[in-house]
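Working notes for the structure below.
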Amino acid sequence: MKLYLEFLCLFLLCFSPQLFANSSGANRNLTEIHKYIDETGFNGAVLVSKNDKLIIEEYFGYADFQKTTKLTRKHLFSPGSVGKEFTTVGIMLLEEQGRLSYEDKISTFIADLPEWAKNITIHHILSHTSGLPKIKWKKGILTTDAITQLLNSEGLFEPGSGYRYSNLNVVARALVIEAVTNQTFSAFMQNNLFEPAQMRGSYQQLSAKDESPEKVDGDYPTFLNGVTVYVTPIDLMKFEIALTSNVLIPFSLVQAKLDGDELSGQSERALYDFGSFSKDSRDTLLSWQHDGSNPSHHTLKFHDFEQDLVILIMSSDGNKSTLYQIKEKLVARLSASGV
């Protein structure tokens, strides 16, 4: 497989030079794992940045099941649960601006909720402690279907007393953002997240007419506000760097919402949907990691803050474990080479 370094010169003309630049060690960093990647049947993208500079950007396989269209940097994947970060950051931005509070009841923004749900706060929908049940999926599910489920739901537990990971929480976040800003979540995300992060190719899909021809085969067809988002790997890398570089919101606010997730029973799971994290004895953030699936599309986003290293892997072959194996080989190879 060929490393796409030839695209970096053109890329640097189009995007902020402080975010990405070339690195002389890029070619040798993947050479030793090319054979492994080929043997696994991996179909997807592998990106690595060091000190906010893109040092590896490589695409393996095809965008379609027929294997007629080679994968390129323009193709879109579903980030799965990693995409929940967009609604989370959106809510945190509005809180930082003083336009809402985490303790606000969502009934202030969403009308006709069932009686039990009127005690749900914004904190609850960010931490999956609302008591909302999981979405009942079907092909082509629309936001209106999810809202109907939301308005007719029966609470699994008293809000704030338990934990259940549910995309209804994510839809509710998007609805809250729309009520507060008086604009669609798509427009809000474009103006407040995608543009500041210089994400040029990503979008939200709310109906069949929104579907992009650049979307990679293998996703489950949905049209849900806040949930059904498609990104290019390079855009997701730019989002990660913007998020951790105070471009979108102060990163200290994000770090403050990592701990405290006691109800899920996972001590290193981030409280507000940023995946899992690792800290040292002095409470210094060492790394975090977030993965997502939909259903053959898989994403793994890993950030080593000590080394200022980001590894982003996205695939469409349905084999999630391969992403972790590639990540571990990359970490070992980059460490050995001193990059």
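Numbering (mature numbering (1 follows the signal peptide of the UniProt record, and there is no 0)), first residue to last: -21 to -1, 1 to 318.
The beta carbon of each residue, even a glycine, is placed where N, CA and C say it ideally should be.
Could you say which of the options lies nearest to residue i if we only look at CA atoms?
| i | options | result |
| --- | --- | --- |
| Gln183 | Asn225, Lys236, Ala176 and Phe202 | Phe202 |
| Ser272 | Gly297, Asp283, Leu79 and Tyr251 | Gly297 |
| Lys115 | Leu237, Phe56 and Thr123 | Thr123 |
| Ile292 | Glu157, Tyr303 and Met168 | Tyr303 |
| Asp91 | Phe173, Thr127 and Lys118 | Thr127 |
| Asp252 | His107, Ser186, Lys117 and Asn22 | His107 |
| Leu79 | Ala158, Tyr15 and Asn225 | Ala158 |
| Lys29 | Arg248, Lys299, Lys217 and Asn171 | Lys217 |
| Lys32 | Val289, Thr301 and Ser314 | Val289 |
| Asp283 | Ser275, Ser255, Pro274 and Ser295 | Ser255 |
| Asp189 | Gly239, Tyr209 and Thr67 | Tyr209 |
| Phe164 | Pro274, Thr19, Gly69 and Lys46 | Gly69 |
| Val206 | Tyr15, Gln45 and Thr67 | Thr67 |
| Glu75 | Val233, Gln245, Glu241 and Gly59 | Val233 |
| Asp262 | Ser109, Ala235 and Ile156 | Ala235 |
| Leu185 | Gln162, Ala153, Leu121 and Arg179 | Leu121 |
| Leu59 | Phe44, Phe39, Asp198 and Ala315 | Note that residue 59 is Gly in the sequence shown here, rather than Leu. Among Phe44, Phe39, Asp198 and Ala315, the Cα nearest to that of Gly59 is on Asp198. |
| Ile156 | Ile101, Arg179, Phe230 and Ser140 | Ile101 |
Can you pull the DSSP bridge partners for residue i?
| i | result |
| --- | --- |
| Tyr251 | According to DSSP, which records beta bridges pairwise, Tyr251 is partnered with nothing at all. |
| His276 | Asn273 |
| Ile292 | Val25 and Leu279 |
| Ser132 | The partner list for Ser132 (beta bridge, DSSP) is empty, contrary to what the question assumes. |
| Gln268 | Ser255 and Phe281 |
| Ile35 | Val27 |
| Thr100 | Lys84 |
Helix, strand or coil, according to DSSP, for residue i in the structure here?
| i | result |
| --- | --- |
| Gln234 | helix |
| Phe65 | helix |
| Ser3 | With a pLDDT of only 41 at Ser3, under 50, the local geometry of the prediction cannot be trusted, and the value read off the model is given with reservation. Three-state result, Ser3: coil. |
| Val195 | coil |
| Lys258 | strand |
| Met178 | coil |
| Leu121 | strand |
| Lys113 | coil |
| Tyr15 | helix |
| Lys84 | strand |
| Gln169 | helix |
Have a look at residue i and residue j and give me their C-alpha separation to the nearest angstrom.
| i | j | result |
| --- | --- | --- |
| Ser191 | Leu73 | 29 Å |
| Leu227 | Pro93 | 34 Å |
| Asp196 | Ile12 | 25 Å |
| Ser84 | Pro138 | It should be pointed out that residue 84 corresponds to Lys in this sequence rather than to Ser. Those two C-alpha atoms are separated by around 11 Å. |
| His54 | Glu193 | 5 Å |
| Thr48 | Glu307 | 29 Å |
| Leu26 | Glu36 | 4 Å |
Given residue i, which residues of its chain have a CB within under 8 Å of its CB, disregarding the five upstream and five downstream residues?
| i | result |
| --- | --- |
| Leu111 | Ala96, Ile99, Ile104, Leu129, Ser132, Gly134, Leu135, Arg143, Ser145, Leu147, Asn148 and Ala151 |
Below 6 Å CB to CB, which residues in the same chain sit around residue i once its five sequence neighbours on both sides are set aside?
| i | result |
| --- | --- |
| Val61 | His269, Gly271, Thr278 and Lys280 |
| Ala42 | Thr48, Leu50, His54 and Val195 |
| Thr301 | Thr19 and Phe21 |
Please work out which residues of its chain come closer than 7 Å, Cβ to Cβ, to residue i, disregarding the five sequence neighbours upstream and downstream, and give them in chain order.
| i | result |
| --- | --- |
| Thr160 | Phe167 |
| Ala125 | Ile114, Leu147, Val150 and Leu203 |
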